[in-house]
């Protein structure tokens, strides 16, 4: 083919024919079994379910009462509940620190793109 400037160009590649009801062929470089959001969500749900089962076993095996003292307050609480409260507090502190860092970085990026 020759374009208006006189240069030769390759002929256009025609699209492969598709028949109704049949999906187009998968390109050679893409796997038909690649990961998808739905598949990743399913894996997340299964892992979450397993963690819940392990948590239930933990709670059922650690029912003895322990004395807890914190900042002058004291009381009796199940060992499992006390350990879970400590773990949740640790997760919340970590999430707070991470969120503040993300906020700081986003703010820095916004400022640098304005200039």
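Residue numbers (this note's numbering): 1198 to 1312.
Just so you know, even glycine gets a beta-carbon here, dropped at the ideal spot from N, CA and C.
Take the alpha-carbon of residue 1256 and the one of residue 1228: they are about 43 Å apart. Here residue 1240 carries a helix assignment [DSSP, helix/strand/coil].
Assigned with DSSP and collapsed to three states, residue 1265 falls in strand. With distances taken between CA atoms, residue 1266 lies nearest to 1276 out of 1259, 1260, 1276, 1306.
Each residue's CA atom was taken as its position, placing residue 1278 and residue 1234 some 34 Å apart. Annotated three-state conformation of residue 1228 is coil, per DSSP. Where residue 1312 is concerned, there is no enclosing alpha helix (DSSP H), because DSSP gives it neither an H nor an E.
Taken atom to atom, the span from the alpha-carbon of residue 1247 to that of residue 1302 is near 34 Å. With contacts defined as CB atoms closer than 8 Å, residue 1274 and residue 1262 qualify as a contacting pair. The residue from 1281, 1294, 1268 with its alpha-carbon nearest to that of residue 1254 is 1281. The beta carbon of residue 1210 sits closer than 8 Å to none of the beta carbons in its chain outside the five residues before and after it.
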